[in-house]
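Here's the structure, in C-alpha cells; my notes come after.
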Amino acid sequence: MPDSEKIVIAPHLVFDAITAGPPGAPLVLLLHGFAESMHCWRAQVTALGDMGYRAIAPGQRGYSPGARPDPREFSHYLIDRLMDDALAIAAAAGYGDARFHLAGHDWGGSIAWGIADRHHERLASLTILSRPHPNAFNRALETDSEQAQRSKHHKAFLEPDAADIVLADDARWLRERLTANGVPADAIEMHLAVLGNKDAMEAALAWYRARGAIRGPLGPIRVPTLYVWGDADDTVGRIAAEGTVDFIAAPYRFEELPGVGHFAADQAPERVCELMLEHLAAHPM
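Numbering follows the UniProt record's numbering, with no gaps: position 172 of the sequence shown is 172.
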C-alpha cells in the first residue's frame with residue numbers, strides 16, 4: 001500500500017498525498033478528478049513505486065483539509081491556481097524545476113493538459129485518463145449533441161444547493177454514479193472519507209463554479225502523450241476522444257478500453273498500470 005504524507009507549499013496550503021518509491025527517483029505526479037480523490041491512483045502509485053519511480057498523488061486544493069481556501073471565493077479555485085499547485089507540489093517534494101512525468105484524470109486531466117501546454121519543457125511524458133484535449137472537447141460540444149448531453153451535469157453543479165443534493169441520503173447520488181461506472185465498494189468508501197462532508201464537497205464544486213475549465217484554445221501539445229478512454233465513459237463520447245489526436249504534436253498513443261467507464265484507474269487498475277509503465281519506459285527523463 002502507498003504511504004501517506006503531507007506536502008507543504010505554503011502555511012495555508014498543506015496537501016495530503018499518497019506516495020511510493022524512493023525520494024529522488026524519477027517523479028510521477030498523479031492528479032485526481034471529481035468525484036473521486038487521490039485514492040483513485042492507489043494501484044498506480046504502488047506499481048510505479050515498485051518499478052523505481054517516485055509516485056505522488058496529492059489530494060488537490062479543496063480536497064485536502066489543510067489546503068481548502070474559502071470555496072465561496074471562487075478565485076481561489078481557478079485552474080491557474082490548480083496548475084500552480086501541481087508545480088509547487090513537485091518543487092516541495094524535492095524536485096525543484098526538474099522535469100517529471102505527469103498524469104491526470106477528469107479535472108486532473110484538465111490541469112495536466114494546461115501544464116503540458118504552458119510548461120511543456122517541464123514534462124517528460126503526459127498520461128491522461130478520460131478527459132480529451134480541451135480543443136477536442138470544445139469542438140465536440142459544438143458539433144456533437146450527444147457530448148452536450150453527457151456534460152449537462154456541469155451546469156447542475158453550479159446550483160447553490162448542489163452539495164446538499166450530492167450528499168443527501170448518505171451520498172446516494174455519488175455512490176450510485178461511482179457504482180454505475182464500476183468503482184469497487186472499498187474505493188467508494190475511500191473517496192467518501194475525503195468528499196463525504198459538506199466542507200469538502202463545497203470546495204470540490206468550487207472548481208466548477210470558478211468556471212476554471214480551459215475554454216480557450218490550447219496550442220498543440222508537444223509532450224509525448226498517452227490518452228486512455230473507456231468506451232463506456234458516461235461523460236466523454238467517442239467524437240471528443242478520437243478527436244484528441246488532432247491537437248498533439250508529439251508521440252501519441254490512444255488506448256480505448258472496452259466496457260470501461262469514466263473512472264478507469266479504479267475500474268481497470270491493472271490495465272492502466274500496464275499502459276502507464278509502458279509509456280513512461282518509452283519516454284524516460
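For every residue, glycine included, the Cβ atom is placed at its ideal position computed from N, Cα and C.
My guess is that residue i and residue j are in contact by the Cβ rule of under 8 Å, so how many angstroms apart are they, rounded?
{"i": "D207", "j": "F15", "result": "Rather than Asp, the amino acid found at residue 207 in this sequence is Trp. That belief does not hold up - the Cβ atoms of W207 and F15 are roughly 15 Å apart, past 8 Å."}
{"i": "A124", "j": "H101", "result": "5 Å"}
{"i": "G24", "j": "R54", "result": "7 Å"}
{"i": "residue 308", "j": "W113", "result": "The question about residue 308 has no answer here: the residues shown for the chain are numbered 1 through 285."}
{"i": "R118", "j": "D234", "result": "Their Cβ separation, rounded to whole angstroms, is 30 Å, which puts R118 and D234 out of contact at 8 Å."}
{"i": "F263", "j": "E5", "result": "In fact, because the Cβ distance is near 24 Å, the residues do not count as touching under 8 Å."}
{"i": "A171", "j": "G196", "result": "5 Å"}
{"i": "A136", "j": "L126", "result": "Contact doesn't hold; Cβ gap of about 15 Å is too wide."}
{"i": "V194", "j": "A185", "result": "Wrong, their Cβ atoms sit about 16 Å apart, outside the cutoff."}
{"i": "L87", "j": "I111", "result": "About 10 Å separates the two Cβ atoms, so there is no contact after all."}
{"i": "P220", "j": "I248", "result": "7 Å"}
Below 7 Å CB to CB, which residues in the same chain sit around residue i once its five sequence neighbours on both sides are set aside?
{"i": "A162", "result": "A156 and L205"}
{"i": "Y95", "result": "L27"}
{"i": "L158", "result": "Y208 and R209"}
In three-state DSSP terms, what is residue i?
{"i": "P134", "result": "helix"}
{"i": "A210", "result": "coil"}
{"i": "R253", "result": "strand"}
{"i": "F34", "result": "coil"}
{"i": "T235", "result": "coil"}
{"i": "L275", "result": "helix"}
{"i": "V8", "result": "strand"}
{"i": "L167", "result": "helix"}
{"i": "Y227", "result": "strand"}
{"i": "A98", "result": "coil"}
{"i": "S151", "result": "coil"}
{"i": "G104", "result": "strand"}
{"i": "residue 331", "result": "Beyond the ends of the chain as shown, which are 1 and 285, falls residue 331; an answer cannot be given."}
{"i": "R42", "result": "helix"}
{"i": "A116", "result": "helix"}
{"i": "P58", "result": "strand"}
{"i": "S125", "result": "strand"}
{"i": "D16", "result": "strand"}
{"i": "D84", "result": "helix"}
{"i": "D70", "result": "coil"}
Please list, in chain order, all residues of the same chain as residue i whose beta carbon is under 6 Å from its beta carbon, the five residues on each side excluded.
{"i": "D85", "result": "R61"}
{"i": "A203", "result": "G62, R68 and P71"}
{"i": "E255", "result": "V228 and L275"}
{"i": "L13", "result": "A67"}
{"i": "G108", "result": "L31, H32 and G33"}
{"i": "R253", "result": "L226"}
{"i": "D266", "result": "C40, V183 and A187"}
I'd like to know whether the C-beta of residue i is nearer than 7 Å to at least one C-beta of chain B.
{"i": "E256", "result": "Here chain B cannot be found, since the structure has a single protein chain."}
Give a yes or no on whether the C-beta atoms belonging to residue i and residue j are separated by under 7 Å.
{"i": "V223", "j": "A180", "result": "no"}
{"i": "I56", "j": "A17", "result": "yes"}
{"i": "A92", "j": "I9", "result": "yes"}
{"i": "T46", "j": "P11", "result": "no"}
{"i": "V183", "j": "L174", "result": "no"}
{"i": "residue 301", "j": "G52", "result": "Given a span of 1 to 285 for the chain in the structure shown, any question on residue 301 remains unanswerable."}
{"i": "P65", "j": "M38", "result": "no"}
In chain order, what residues of the same chain lie with their CB nearer than 8 Å to the CB of residue i, ignoring the 5 residues before and after it?
{"i": "D231", "result": "R238, E256, L257, P258, G259 and V260"}
{"i": "Y77", "result": "R61, G62, P69, P71, A203, A206, W207, R209, A210 and G212"}
contact_flag[the region 35–45, the region 186–205] where n(CB pairs < 8 Å) is 3 or more: Counting Cβ pairs under 8 Å, three or more are found: they touch.
Three-pair Cβ contact test at 8 Å for the region 126–140 versus the region 239–250: Taking 8 Å as the limit for Cβ pairs, the verdict is that the region 239–250 does touch the region 126–140.
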